[in-house]
Amino acid sequence: MSGDRPARWTHRHLGLLAESAATTAPLIDPTALPRILPGHHLWDLWPVQDEDGSTSVAGGRELWMALSAPDRGHPEERHDHARIRLLGKKGNEWTDLGDAFPDGASPGSREWSGSAIRRPDGTVSVYYTAAGRRGESPPTYRQSVVEARTTVIADGDRVTLRPDAPHREILRSDERTYLPADGVPGNLRAFRDPGWFRDPADGVDRLLVAASTPWQDTFTGAIALAEPRDGAWSLLPPLLVAEGVNHEIERPHVIVHDSRYHLFFCTHRHSFDPAHPAPTGLYGFAAPALAGPYEPLNGSGLVIGNPAGRPDQAYAWLVLPDLHVVSFANYRSPQGVDLRHAPAAQARAGFGGTVAPTLKLTLDGLSTSVVPVPEDLRGTPTGP
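Next up, the structure:
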């Protein structure tokens, strides 16, 4: 690969940030949205994709995955109990298909975000984050990328994944280009959220990974890139670094639109250098090729920000190939209040923990705008 790498997200870019209707999500009340999984929190959605990028269909429903955990204690504790959940979607109706994997299948003690690709031979590669180590107590925060190679089993309306699928660690931080993924809540270094991407320019599969770089600063967020070599995944230099700007870039993914590569990721307002604040939101860069050179969208990188009156209303935005955007309902935080640190009862009362309304992006060169999708309908899937 060639190009001007890595792209650098700088204070100069953030100085151009101007929140507007085009880059601000419509106001929602996270707690007023219907729960897909009563008794459980749900967050960080992603589709099971076919190799052409479309959402895979089985049993007449689109196949999706999300993280889930029992609704108990403080919502922030959900990360210590996270499991991947399989979901079906038909129109605007969601169906719970149960845990994606059996108890104890993962090498980690928790399953964190990732991506999934269904291949023509019927197999499905689920790339996800294994957090901690199986059987540990209390939980630790080591992170590695795991592939579960499985198949979809469809029997009428019942859809499951083969339960005896092997789970294999395929990537971990090299501790040179990328810092080891560990730490404590509130100061976690990242090596997680693998996002699958097939580059139409060469047909090669690649993974994007949220990472941290060894820079002399506490703000070391980065997007790692990996590609297959000799039957294994190999880490490459980062696609993007936010040195001195932001310490936690999450859920990186690439969408090709109008022959341009759009690199998206999300981050929280509390992850920015306090000297250069910015909203919790979806951010992005664009380039003529996967390797770059990348330029920030809208000058600053901001694509969708939460409104000032509800600064934490949604999170974990994911842009689909058709430019629809999914996310989850987070906190109904009044301006200036951070419910992450509130007492458990107050935080639970303000937490959504379900799917947020779908949005739609328009892309015009380096300019973007966001609009709501009427009635949150994206149509009914067809296929086997």
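So the sequence shown is numbered by this note's numbering: it starts at 388 and just counts up by one.
Each residue gets a CB set at the ideal place from its N, CA and C atoms; glycine is no exception.
Please return the same chain residues whose Cβ sits closer than 6 Å to the Cβ of residue i, not counting the five positions on each side in sequence.
i, result
"residue 456", "428, 465, 468 and 469"
"residue 734", "461, 462 and 726"
"residue 526", "467, 496 and 519"
"residue 586", "677"
"residue 800", "Here the chain has residues from 388 to 771 only, and residue 800 is not among them."
"residue 492", "554"
Out of curiosity, what's the CA-to-CA distance linking residue i and residue j?
i, j, result
"residue 590", "residue 439", "11 Å"
"residue 615", "residue 555", "15 Å"
"residue 454", "residue 430", "5 Å"
"residue 436", "residue 398", "35 Å"
"residue 620", "residue 608", "21 Å"
"residue 626", "residue 678", "7 Å"
"residue 681", "residue 732", "44 Å"
"residue 640", "residue 595", "7 Å"
"residue 489", "residue 752", "45 Å"
"residue 392", "residue 610", "11 Å"
"residue 675", "residue 459", "46 Å"
"residue 544", "residue 667", "38 Å"
"residue 394", "residue 598", "14 Å"
"residue 761", "residue 480", "15 Å"
"residue 740", "residue 516", "20 Å"
"residue 764", "residue 551", "With a pLDDT of 41 at residue 764, under the threshold of 50, the modelled position of this residue cannot be trusted; read the value that follows with caution. Those two C-alpha atoms are separated by around 35 Å."
"residue 618", "residue 404", "43 Å"
Does DSSP classify residue i as helix, strand or coil?
i, result
"residue 410", "helix"
"residue 607", "coil"
"residue 469", "coil"
"residue 646", "coil"
"residue 616", "strand"
"residue 728", "helix"
"residue 745", "coil"
"residue 434", "strand"
"residue 530", "strand"
"residue 404", "coil"
"residue 720", "coil"
"residue 635", "coil"
"residue 464", "helix"
"residue 593", "strand"
"residue 658", "helix"
"residue 487", "coil"
"residue 665", "coil"
"residue 735", "helix"
"residue 442", "strand"
"residue 695", "coil"
"residue 582", "strand"
Per DSSP, residue i is paired with what?
i, result
"residue 567", "DSSP lists no partner for residue 567."
"residue 511", "505 and 537"
"residue 711", "747"
"residue 396", "In the DSSP output, where bridge partners are listed per residue, residue 396 has none listed."
"residue 416", "Its beta-bridge partners do not exist; DSSP assigns none."
"residue 759", "746"
"residue 681", "In the DSSP output, where bridge partners are listed per residue, residue 681 has none listed."
"residue 453", "472"
I'd like the list of long-range same chain contacts for residue i, defined as Cβ closer than 8 Å, with 5 residues on each side in sequence excluded.
i, result
"residue 510", "536, 537 and 538"
"residue 712", "669, 691, 704, 705, 706, 745, 746, 747, 748 and 757"
"residue 441", "708"
"residue 485", "472, 473 and 547"
Can you list, in chain order, the residues of its chain whose CB lies under 7 Å from that of residue i, leaving out five sequence neighbours each side?
i, result
"residue 754", "685"
Can you confirm whether residue i, when its beta carbon is compared against all beta carbons of chain D, has any partner nearer than 9 Å?
i, result
"residue 472", "Structure shown: chain D not included; a single protein chain is present."
### Query
Is it true that the region 624–644 meets the region 657–668, where meeting means three or more beta-carbon pairs spaced less than 8 Å apart?
Segments in contact, yes.
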